[in-house]
Amino acid sequence: MPLITNYDEGGYSYQDYWRGRDYEHGAELHAMQSLLDPHQTGWIADLGSGFGRMAPAYLDQGRSVIWVDYSLKLLAQAQARYGPPTPSRLYVQANLNHLPFRSGSLGTALLIRVLHHLPSYDRVLREVSRVAQKEWIIDIPQKLHALARIRSVVRGQWHVLHEEVPINLSRRSSQVFLNYHPRSIEHQLSILGWTVRESRSVSNLRLPWLKQRFGTERLLAVERWLQPHLAPLQFGPNLWHALVRHDFGATSPMDQEEVLACPACLGRFELRGLHTMVCRSCHEQFICHDGIWDFRWPRPNTLG
Ligand SMILES: C[S@@+](CC[C@H](N)C(=O)[O-])C[C@H]1O[C@@H](n2cnc3c(N)ncnc32)[C@H](O)[C@@H]1O
Ligand SMILES: [Zn+2]
């Protein structure tokens, strides 16, 4: 199993994947908008941001944003959409297992459509929990959704849904596309000190014949109403939680230098010129190319 699903390999286009999926995209933007606390402050980090698909749901909040992804191609696409880096907009290539941020430096962390790629999700959950202060929006691709329940009864496989191990839906043995029992993720999150403030059941009407018959706008109108009501039933294929943690004090706005930390040792950086950061503790150097900082760790050629 690969440690990281690399979207830069194999000519795959994630932007193309979203063509014709306006209903699912609209459903997710609505879930995000309704879950984000408008009073929250500090940096928003879109972790595993891809090309920044979710940005329309948070950019109008006027907060500083960091787009974080392993894929250079997707970050370049995000930059083409949202403009070059500024003191309050940052593009960062990084591995979610080793985030280049100081502990508690981010006001809000987003983790959307990422968990299904993570065979070692507990490590990533710990890492996100380390860097996020008070708010975390997480999307759990879940195996208990209504359609899966019906299928499991028909096939006599009810027990599979109730086991806490994730199921891998990928057709290729070398890849992972995991669906989880929500309880397994929620248990980890509560151990890390997070509580669920609100939940949404997302993409509840994701059936081709419904889409054809009613069209995107009408389906989305119903979806918006259904999301909070169906969340307790774990109805849809994706369960979103707004998580909060109360043990942090007031959030103070930080500038980029205060947010970033060495992904190898969490040491503080010294900026050399405009395009190089050097860790004051372990002396590793990290470079910025065309507006995107490369903080991948371990360095790509040493990945197993
Ligand atoms: C399905 S896409 C989701 C992108 C975006 N959140 C969205 O909802 O459109 C998954 C993303 O996670 C990124 N990713 C997967 N594993 C990663 C890792 N270990 N470190 C950093 N990014 C990772 C991929 O590069 C990809 O952009
Ligand atoms: Zn270091």
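Reading the sequence shown from the start, the letters are residues -19 to 284 in our numbering. Every residue, glycine too, gets a C-beta built ideally from N, C-alpha and C. None of the values given here were measured: they were computed from a predicted structure.
Straight-line gap, residue i to residue j (C-alpha atoms, nearest Å)
i      : j    : result
P188   : G195 : 10 Å
R1     : R180 : 19 Å
W(-2)  : Q155 : 20 Å
C268   : E115 : 28 Å
I(-16) : A35  : 23 Å
P217   : H97  : 16 Å
W220   : P212 : 11 Å
W47    : G84  : 17 Å
Q13    : L90  : 12 Å
G28    : S132 : 31 Å
G284   : A128 : A caution first: G284 carries a pLDDT of 45, below 50, which makes its placement in the model too unreliable to give a value.
H161   : E144 : 5 Å
V258   : F215 : 48 Å
R110   : Q57  : 28 Å
In DSSP terms, what residue i is bridged to
i    : result
W220 : D119 and R180
L352 : One cannot answer for residue 352 here, as it falls past the ends of the chain, which runs -19 to 284.
E250 : V258
F81  : L240
Q265 : V258
N159 : I147
R69  : V45 and T66
Any non-hydrogen atom of ligand 3 within 7 Å of residue i CB
i   : result
G28 : In the structure shown, ligand 3 is absent; the only ligands present are ligand 1 and ligand 2.
Nearest-angstrom Cβ-Cβ length linking residue i and residue j, presumed shorter than 8 Å
i      : j    : result
R177   : L223 : 7 Å
T88    : Q20  : 6 Å
V239   : R82  : 6 Å
R69    : V45  : 5 Å
Y(-13) : G271 : Not a contact, Cβ separation roughly 19 Å.
I117   : L16  : 7 Å
Practice task
Check whether the region 141 to 156 touches the region 112 to 129, taking contact to mean three or more Cβ pairs, one atom from each stretch, closer than 8 Å.
Solution key: yes
Practice task
Answer yes if the region 241 to 256 comes into contact with the region 200 to 214, meaning at least three C-beta pairs across the two stretches below 8 Å, and no otherwise.
Solution key: no
Problem - At least three beta-carbon pairs within less than 8 Å, the region 130 to 146 to the region 70 to 87 - result: no
Problem - Cβ contact (3+ pairs, closer than 8 Å) linking the region 256 to 266 and the region 46 to 64 - result: no
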